[in-house]
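Counting from 1, one number per residue, gives the positions in the sequence shown under full-length UniProt numbering.
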Amino acid sequence: MSTPPPTRSQPDSSRPGPSTPAPPVPSRQAVDAYLARIGAGRPERADAAALRELQLRHLLSVPFENLSVHLGEPVVLADGPLIEKVVGGRRGGFCYELNGAFAALLRGLGFGVTLLQARVFGDGGRLGIPYDHLALRVETQDGTGPWLADVGFGDHSHHPLLFGERGDQADPAGTFRVVEAGDGDLDVLRDGKPQFRLDTRPRELADFEAGAWWHRTSPASHFTKSLVCSLLTADGRITLTGRKLVTTVDGERQERPLETDDEVLAAYRKHFGLDLDRVPEVRQASA
Numbered sequence: 001m002s003t004p005p006p007t008r009s010q011p012d013s014s015r016p017g018p019s020t021p022a023p024p025v026p027s028r029q030a031v032d033a034y035l036a037r038i039g040a041g042r043p044e045r046a047d048a049a050a051l052r053e054l055q056l057r058h059l060l061s062v063p064f065e066n067l068s069v070h071l072g073e074p075v076v077l078a079d080g081p082l083i084e085k086v087v088g089g090r091r092g093g094f095c096y097e098l099n100g101a102f103a104a105l106l107r108g109l110g111f112g113v114t115l116l117q118a119r120v121f122g123d124g125g126r127l128g129i130p131y132d133h134l135a136l137r138v139e140t141q142d143g144t145g146p147w148l149a150d151v152g153f154g155d156h157s158h159h160p161l162l163f164g165e166r167g168d169q170a171d172p173a174g175t176f177r178v179v180e181a182g183d184g185d186l187d188v189l190r191d192g193k194p195q196f197r198l199d200t201r202p203r204e205l206a207d208f209e210a211g212a213w214w215h216r217t218s219p220a221s222h223f224t225k226s227l228v229c230s231l232l233t234a235d236g237r238i239t240l241t242g243r244k245l246v247t248t249v250d251g252e253r254q255e256r257p258l259e260t261d262d263e264v265l266a267a268y269r270k271h272f273g274l275d276l277d278r279v280p281e282v283r284q285a286s287a
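Structure follows, in structure tokens:
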């Protein structure tokens with residue numbers, strides 16, 4: 001597929017935005033531990049093939065989960081705590097955590113990474129709050145791209161998407177398209193359905209604090225209403241929602257209720273590698 005030169009997908013310097021000081025690069029030891037966590041070797045260079053492999057391995061290894069919201073655990077948007085949660089704690093997280101940690105890994109491997117804020121399309125096509133989602137614009141050393149990388153949107157593209165491509169982009173998860181949305185924004189579509197609207201101006205992790213707080217506390221947030229822990233598998237996806245285990249293999253979906261706490265905790269360990277000391281339960285939102 002030919003790649004036309006990116007135009008409005010590039011950050012628009014005519015649009016005022018916050019200053020973005022260069023974030024720190026994690027140590028080689030931290031990067032190596034992260035690579036081991038996702039079962040990846042250190043790439044020879046930060047090219048498109050390496051980015052593709054890293055995103056897929058991340059999706060297959062680190063679950064999308066909102067358990068901290070219901071376990072009363074803090075969510076700290078800083079490189080060190082995010083890497084510690086994903087690598088040291090062998091946990092997952094939601095978009096701010098997963099893409100925040102992945103951004104640090106990519107920087108440590110020599111990729112150029114820009115954090116972008118997005119608003120998710122909800123029921124009836126309504127857009128969510130500003131800073132609803134964190135996504136990554138990634139530059140590679142082989143001159144391809146830029147790329148849209150995302151390991152924090154749950155069930156989404158398995159591979160990075162080209163920012164500058166305005167035609168269909170085939171992916172194991174469906175057909176994706178990046179389209180102009182006006183004012184320099186971009187809409188990301190999956191099988192013709194809008195998923196989220198990207199603001200292409202550079203951001204930093206601290207900018208997402210209010211969005212993360214809202215999703216952890218607001219009764220209007222879907223993260224406070226239910227439990228989810230979901231992981232891509234080689235032949236489908238496995239999801240634990242409260243006490244219901246949903247397994248999809250080659251497009252065939254099966255559901256199984258888990259009756260006891262021991263069954264629930266065993267499912268978290270077996271399918272997601274999460275060693276929890278108690279069963280998460282939906283907590284009452286505080287806002």
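Cβ coordinates follow ideal geometry from the N, Cα and C atoms, glycine included.
| Query | Result |
| --- | --- |
| Give every residue of the same chain whose Cβ lies closer than 6 Å to the Cβ of Gln-254, excluding the five residues on either side of it in the sequence, and list them in chain order. | Thr-247 |
| Can you look up Leu-186 in the DSSP assignment and give me helix, strand or coil? | strand |
| Just curious, the alpha helix (DSSP H) that Thr-217 is in, first and last residue? | 209 to 217 |
| Between which two residues does the beta strand (DSSP E) holding Ile-238 run? | 236 to 241 |
| State the Cα-Cα distance for the pair Pro-23 and Arg-256, rounded to the nearest angstrom. | 44 Å |
| Assuming the contact rule is C-beta atoms closer than 8 Å, Gly-242 and Ser-221 should be a hit. Round their C-beta distance to whole Å, please. | Not quite, the Cβ-Cβ distance comes to about 16 Å (not below 8 Å), so this is no contact. |
| Indicate, with yes or no, if the ligand NAP has a heavy atom lying under 7 Å from the CB of Glu-97. | Questions concerning the ligand NAP fall outside what the structure shown contains, since it holds no ligand whatsoever. |
| Could you spell out where the alpha helix (DSSP H) holding Arg-37 opens and where it closes? | 28 to 37 |
| On the criterion of 16 or more Cβ atoms from any shown chain inside 10 Å, does Gln-29 qualify as buried, or is it exposed? | exposed |
| Beta-carbon within less than 8 Å of Arg-52's beta-carbon, same chain only, minus the 5 sequence neighbours each way: which residues are those? | His-159 and Pro-160 |
| One question on the structure: do Ala-118 and Ala-135 come within less than 8 Å of each other, judged by their Cβ atoms? | yes |
| I'd like the span of the alpha helix (DSSP H) that includes Pro-81, first residue to last. | 79 to 83 |
| Measure the Cβ-Cβ separation of Arg-201 and Asp-187 and say whether it is below 8 Å. | no |
| On the three-pair Cβ rule with 8 Å, is the segment 92 to 108 touching the segment 57 to 71? | yes |
| Of all the alpha helix (DSSP H) runs that stay within the bounds of the segment 38 to 67, which reach a length of 4 or more residues? | 48 to 61 |
| How close, in whole Å, do the beta carbons of Leu-151 and His-58 come, if the pair is a contact with beta carbons under 8 Å? | The sequence shown places Val at residue 151, not Leu. The pair is a contact, with the Cβ atoms about 4 Å apart (cut-off 8 Å). |
| Give me the Cβ distance between Pro-146 and Arg-137, rounded to the nearest whole Å; I'm assuming they're in contact under 8 Å. | 5 Å |
| Can you look up Arg-166 in the DSSP assignment and give me helix, strand or coil? | coil |
| Determine the extent of the beta strand (DSSP E) in which Asp-199 is found, giving its start and end residues. | 193 to 203 |
| How long is the line joining the alpha carbons of Gly-143 and His-156, rounded to whole angstroms? | 25 Å |
| Kindly list the residues whose CB is nearer than 8 Å to the CB of Thr-7, restricted to its own chain and excluding five residues on each side of it in sequence; keep chain order. | For Thr-7, the predicted model reports a pLDDT of 35, less than 50, meaning its position is unreliable; a value from the coordinates is still stated below. Answer for Thr-7: Gly-164, listed in chain order. |
| Only counting runs of 4 or more residues, tell me where the alpha helix (DSSP H) segments fall wholly within the segment 87 to 133, in order along the chain. | 95 to 108 |
| Can you give the beta carbon distance from Val-75 to Ala-212, rounded, assuming they're within the 8 Å contact cut? | 6 Å |
| Taking the alpha carbon of Pro-194 as the reference point, which residue from Gly-122, Gly-88, Pro-81 and Leu-56 has its own alpha carbon closest? | Gly-122 |
| Measuring straight from C-alpha to C-alpha, what distance separates Asp-199 and Lys-270? | 38 Å |
| Under DSSP, the beta strand (DSSP E) around Ala-220 begins and ends at which residues? | From DSSP, Ala-220 is part of no beta strand (DSSP E); its letter is neither H nor E. |
| With the cut-off set at 8 Å, would you say Leu-67 and Pro-219 are in Cβ contact? | no |
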